[in-house]
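What the sequence shown shows, in the working numbering, is residues 3 to 490, in sequence order.
Cβ atoms here follow ideal geometry from the backbone N, Cα and C, with glycine treated the same way.
These numbers were taken from a predicted model, which means no experiment stands behind them.
A short worksheet on the structure shown next.
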Amino acid sequence: MDDLWSIIIVLAVTITTATTIILYRRSIIRSCNRTRSSNKLFTKSSLPLGTLAWPLVGETIDFISCAYSDRPESFMEKRRRLYGKVFKSHLFGSPTIVSTDAEVSRFVLQSDSKVFVPSYPKSLTELMGKSSILLINGSLQRRIHGLIGAFFKSPHLKAQITKDMEKYVQEAMGSWGEDYPIYIQDEAKNIAFQVLVKALISMDPGDDMEFLKKQFQEFIAGLMSLPINLPGSRLHRSLQAKKRMVGLVHRIIQAKRSSGISEIPRDVADVLLNDASELLTDNLISDNMIDLMIPGEDSVPVLMTLAIKYLSDCPTALHQLMEENLKLKRLKDQLGEPLCWSDYLSLPFTQCVITETLRMGNVIVGVMRKAMKDVEIKGYLIPKGWCVLTYFRSVHLDESLYDWPYQFNPWRWQDRDMGSNKSSFTPFGGGQRLCPGLDLARLEVSIFLHHFVTHFRWVAESDSIVNFPTVGMKKRMPVWVKRRRELI
Ligand code: HEM
Numbered sequence: 003m004d005d006l007w008s009i010i011i012v013l014a015v016t017i018t019t020a021t022t023i024i025l026y027r028r029s030i031i032r033s034c035n036r037t038r039s040s041n042k043l044f045t046k047s048s049l050p051l052g053t054l055a056w057p058l059v060g061e062t063i064d065f066i067s068c069a070y071s072d073r074p075e076s077f078m079e080k081r082r083r084l085y086g087k088v089f090k091s092h093l094f095g096s097p098t099i100v101s102t103d104a105e106v107s108r109f110v111l112q113s114d115s116k117v118f119v120p121s122y123p124k125s126l127t128e129l130m131g132k133s134s135i136l137l138i139n140g141s142l143q144r145r146i147h148g149l150i151g152a153f154f155k156s157p158h159l160k161a162q163i164t165k166d167m168e169k170y171v172q173e174a175m176g177s178w179g180e181d182y183p184i185y186i187q188d189e190a191k192n193i194a195f196q197v198l199v200k201a202l203i204s205m206d207p208g209d210d211m212e213f214l215k216k217q218f219q220e221f222i223a224g225l226m227s228l229p230i231n232l233p234g235s236r237l238h239r240s241l242q243a244k245k246r247m248v249g250l251v252h253r254i255i256q257a258k259r260s261s262g263i264s265e266i267p268r269d270v271a272d273v274l275l276n277d278a279s280e281l282l283t284d285n286l287i288s289d290n291m292i293d294l295m296i297p298g299e300d301s302v303p304v305l306m307t308l309a310i311k312y313l314s315d316c317p318t319a320l321h322q323l324m325e326e327n328l329k330l331k332r333l334k335d336q337l338g339e340p341l342c343w344s345d346y347l348s349l350p351f352t353q354c355v356i357t358e359t360l361r362m363g364n365v366i367v368g369v370m371r372k373a374m375k376d377v378e379i380k381g382y383l384i385p386k387g388w389c390v391l392t393y394f395r396s397v398h399l400d401e402s403l404y405d406w407p408y409q410f411n412p413w414r415w416q417d418r419d420m421g422s423n424k425s426s427f428t429p430f431g432g433g434q435r436l437c438p439g440l441d442l443a444r445l446e447v448s449i450f451l452h453h454f455v456t457h458f459r460w461v462a463e464s465d466s467i468v469n470f471p472t473v474g475m476k477k478r479m480p481v482w483v484k485r486r487r488e489l490i
């Protein structure tokens, strides 16, 4: 079977390469012609400097080889020196304008779907389907985005998430032993998945949750695969896994409908089912419950893991964070009160640690958009049909914006005005597609850190961060823990 696949892939690549070289030449000539005529109209704007390099592959190989290194932004740095903060390139099969300029990226994020639409690899769009929140544009996207965002912000959900999260964290941490390493990344993934599924469809841990977890792993394995949907192919297996998950979610939704949906929504499914819009069909809702797991499943546990990594490497920050959390715990113990969500979010130094982890870790390195028309920004021309990569990582590590940008320094946020940082700090994106899960993410990480530092001391084994295709730890962050007997 594998041999057959190799032959099919080689044939497909050969035919595609030949066709693409011809089409590529034509399209670049057309694009340049249009650009020249655009330049006649807009004399000030011109295509950014840079190179499209090789037909078809462009600069993709160089981009990926840098992405695999511990300095993925070196691809950008080299070109920034040659061409400036905004440059043209050719990545993943598309002529692309790369923006490492905070203002240009902000403009792109703030623009609506008449100007820019999301652009994802073909395998990803096939897996998500046309009605996914991550792909749709216009009023339906705004409506779903608004409903989800408002729900994730509601004090009611935050209270529920806090209770659930505390339960899952205590169950997981209660089972940790002291004579073997604990893999923080795996533990965080397990906890965050349970929280996410509970928030989306009120599912509790059990057989269905295990089934969903297994199918979801099969599903996401195909996100960066070859876009070939034939029996046995990676994409096909992922689509089958999605079908099985959607089947399960559909049954849950039907059960909700027949038992009557509560007016106070318990989960995201309730929120969408309660909405009067005819466009929000049961099929669309079921599909989107799975698609919503894509941005939420990996990012939060990676943020938790990176925070532990940076704290393990910075004892002063760890000490201050521990003191802050222990102080709150002692106070609450004295009062005989449980911690509520606002207690977790009100710990100022803990929030600075999370913010700094977001800046340095760059869980989402940037986002891709496609221009729906010729666009001019700050004297640069982005031709219609070209992609734009707004690369947050370069902005977050720009020394003109952050002193000693490669140093983990949570204190930098203590006197920084977050309001004036809108363009230079965008870990959750911005504009109409600003991450609706951002409050949830911060709350989850705060709860995880609180319980970890108030219950354990630990020694971390050496491990390193990998940045491609997604951010994570090479060895899944093994640590040796010791319970803090004196404070429990
Ligand atoms: C550390 C955690 C997280 C980070 C860094 C993060 C980052 C981002 C970014 C950068 C975007 C913008 C994408 C774009 O502009 O195309 C985004 C969108 C989104 N995020 Fe998150 N995210 C996180 C957690 C979550 C969680 C927990 C959820 C909950 C389900 C979530 C749900 C979404 C959704 C639904 C969108 C798409 C919004 C739309 O296109 O309308 N994210 N996220």
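Own chain residues within Cβ distance below 6 Å of Val273, not counting five before or after: The residue given as residue 273 occupies position 271 in the sequence shown. Leaving aside the five residues that flank Val273 on each side, the residues in its chain whose CB is nearer than 6 Å to its CB run, in chain order, Leu149, Phe153, Pro267.
Contact belief for Ile184 with Val483 at Cβ below 8 Å, rounded distance in angstroms: Here the question's residue 184 lines up with position 182 in the sequence shown. Here the question's residue 483 lines up with position 481 in the sequence shown. At roughly 6 Å, the Cβ-Cβ gap stays under 8 Å, so Ile184 and Val483 are in contact.
Beta-carbon gap between Pro97 and Leu54 smaller than 8 Å: For this step, residue 97 is matched to residue 95 along the sequence shown. For this step, residue 54 is matched to residue 52 along the sequence shown. The beta carbons of Pro97 and Leu54 sit closer together than 8 Å.
His147 Cβ short of 7 Å to the ligand HEM heavy atom set: The residue you call residue 147 lines up with position 145 of the sequence shown. Yes.
Extent of the continuous beta strand (DSSP E) to which Pro97 belongs: Mapped onto the sequence shown, residue 97 falls at position 95. Looking at the DSSP string, the run of the beta strand (DSSP E) that includes Pro97 is 96-101.
Unbroken alpha helix (DSSP H) run spanning Val199, endpoints: As a working mapping, residue 199 is identified with position 197 in the sequence shown. Looking at the DSSP string, the run of the alpha helix (DSSP H) that includes Val199 is 186-203.
Proximity to Tyr70 [Cα-Cα], best of Val473, Lys477, Arg435: If you number the sequence shown from 1, residue 70 lands on position 68. Per the Cα distances, Val473.
Member of Gly298, Asn364, Asp209, Phe218 whose CA lies at the smallest distance from the CA of Ile467: Against the sequence shown, residue 467 aligns to sequence position 465. Answer by Cα proximity: Asn364.
Nearest residue (CA-CA) to Asp465, options Leu403, Thr307, Val367: If you number the sequence shown from 1, residue 465 lands on position 463. Nearest option by C-alpha distance: Thr307.
Any non-hydrogen atom of the ligand HEM closer than 7 Å to Phe430 Cβ: By 1-based counting over the sequence shown, the position of residue 430 is 428. Yes - the ligand HEM has a heavy atom lying nearer than 7 Å to the Cβ of Phe430.
Supposed close pair Leu93, Leu391 - CB separation, criterion 8 Å: If you number the sequence shown from 1, residue 93 lands on position 91. If you number the sequence shown from 1, residue 391 lands on position 389. Between Leu391 and Leu93 the Cβ distance is about 7 Å, and since that is below 8 Å, they are a contact.
For Gly60, the three-state DSSP class (helix, strand or coil): Stepping through the sequence shown from its first residue, residue 60 is reached at position 58. Three-state result, Gly60: strand.
Cβ-based neighbour list, Val355, same chain, cut-off 8 Å, excluding 5 preceding and 5 following: Translated into the one-based positions of the sequence shown, residue 355 becomes position 353. For Val355, the CB contacts under 8 Å within the same chain, skipping 5 residues up- and downstream, are Ala309, Tyr312, Leu313, Ala319, Leu323, Pro412, Leu451 in chain order.
Residues of its chain near Tyr170, where Cβ-Cβ distance is below 6 Å and the 5 sequence neighbours each way are ignored: Position 168 of the sequence shown, counted from the first residue, corresponds to residue 170. Counting only Cβ-Cβ distances below 6 Å, and skipping sequence neighbours, we find Ile193, Gln196.
Check: Leu198 C-beta below 7 Å from any heavy atom of the ligand HEM: As a first step, residue 198 is located in the sequence shown; it is residue number 196 there, counting from the start. Yes, the beta carbon of Leu198 sits closer than 7 Å to at least one heavy atom of the ligand HEM.
Cβ-heavy atom distance, Ala69 to the ligand HEM, below 7 Å: Position 67 of the sequence shown, counted from the start, is the residue given in the question as residue 69. No, the ligand HEM has no heavy atom inside 7 Å of this Cβ.
beta-carbon Val106 near the ligand HEM non-hydrogen atom, thresh 7 Å: Locating residue 106 in the sequence shown gives position 104, where the first residue counts as 1. Not one heavy atom of the ligand HEM is found less than 7 Å from the C-beta of Val106.
The alpha helix (DSSP H) enclosing Glu358, as first and last residue numbers: The count along the sequence shown starts at 1 and reaches residue 358 at position 356. It spans 350-363 - the alpha helix (DSSP H) in which Glu358 sits, taken as one unbroken run.
8 Å Cβ cutoff met for Asp284 and Ile255: As a working mapping, residue 284 is identified with position 282 in the sequence shown. As a working mapping, residue 255 is identified with position 253 in the sequence shown. In this structure, Ile255 lies closer than 8 Å to Asp284 by Cβ.
Proximity to Arg459 [Cα-Cα], best of Trp56, Lys87, Met175: The residue you call residue 459 lines up with position 457 of the sequence shown. Selected option, being the one with the closest Cα: Met175.
Phe351 beta carbon less than 8 Å from that of Glu378: Counted from its first residue, the sequence shown places residue 378 at position 376. Counted from its first residue, the sequence shown places residue 351 at position 349. Contact flag unset, no.
Residue span of the alpha helix (DSSP H) that contains Ser141, given as start and end: Looking up residue 141 in the sequence shown gives position 139. For Ser141, the enclosing alpha helix (DSSP H) has its first and last residue at 140-155.
First and last residue of the uninterrupted alpha helix (DSSP H) at Tyr408: In the sequence shown, counting from the first residue as 1, residue 408 sits at position 406. That residue, Tyr408, is in no alpha helix (DSSP H); it is neither H nor E in DSSP.
Ala443 to Val302 span [Cα, whole Å]: Here residue 443 corresponds to residue number 441 of the sequence shown, with the count starting at 1. Here residue 302 corresponds to residue number 300 of the sequence shown, with the count starting at 1. Between Ala443 and Val302, the C-alpha separation is close to 6 Å.
Given 8 Å, three or more beta-carbon pairs between the region 84-92 and the region 197-206: These segments do not touch.
Cut-off 7 Å between Cβ atoms - residues of its own chain near Leu225, not counting five sequence neighbours on either side: Here residue 225 corresponds to residue number 223 of the sequence shown, with the count starting at 1. Hits under 7 Å: Ser125, Leu126, Leu129.
N-terminal and C-terminal residue of the alpha helix (DSSP H) that Ile384 is part of: Within the sequence shown, numbered from 1, the residue matching residue 384 stands at position 382. If you look at Ile384, you'll find it isn't in any alpha helix (DSSP H); it sits in the beta strand (DSSP E) that goes 382-384.
Every unbroken alpha helix (DSSP H) inside the region 155-183 [4 residues or more]: Taking only runs of at least 4 residues, the alpha helix (DSSP H) segments lying wholly in the region 155-183 are 157-176.
Sheet register partners of Phe89 (DSSP bridge): As a working mapping, residue 89 is identified with position 87 in the sequence shown. Paired residues: Val100.
Residue environment, Tyr346, which counts as buried when at least 16 other CB atoms sit within 10 Å: The residue given as residue 346 occupies position 344 in the sequence shown. That one is buried.
Close Cβ partners of Arg486 (< 8 Å) along its chain, the five nearest in sequence each way excluded: The residue you call residue 486 lines up with position 484 of the sequence shown. Same-chain partners within the cutoff: Thr456, His457, Phe458, Arg459.
Phe213 classed as buried or exposed, judged by whether at least 16 other C-beta atoms fall within 10 angstroms: Translated into the one-based positions of the sequence shown, residue 213 becomes position 211. Exposed, since its Cβ has fewer than 16 Cβ neighbours within 10 Å.
Through-space distance from Asp441 to Pro340, alpha-carbon basis: Position 338 of the sequence shown, counted from the first residue, corresponds to residue 340. Position 439 of the sequence shown, counted from the first residue, corresponds to residue 441. Going from the Cα of Pro340 to the Cα of Asp441 covers about 20 Å.
Boundaries of the beta strand (DSSP E) in which Gly298 is found, first to last residue: Here residue 298 is taken as the residue at index 296 of the sequence shown, counted from 1. First-last for Gly298: 295-314, but that is the alpha helix (DSSP H), not the beta strand (DSSP E).
For Ser40, the three-state DSSP class (helix, strand or coil): The residue labelled residue 40 in the question sits at position 38 within the sequence shown. The pLDDT assigned to Ser40 is 44, lower than 50, so where the model puts this residue is not dependable, and the model offers no usable value.
Gln434 beta carbon less than 8 Å from that of Arg144: Indexing the sequence shown from 1 puts residue 144 at position 142. Indexing the sequence shown from 1 puts residue 434 at position 432. Yes, the pair counts as a contact, with Cβ atoms nearer than the cut-off.
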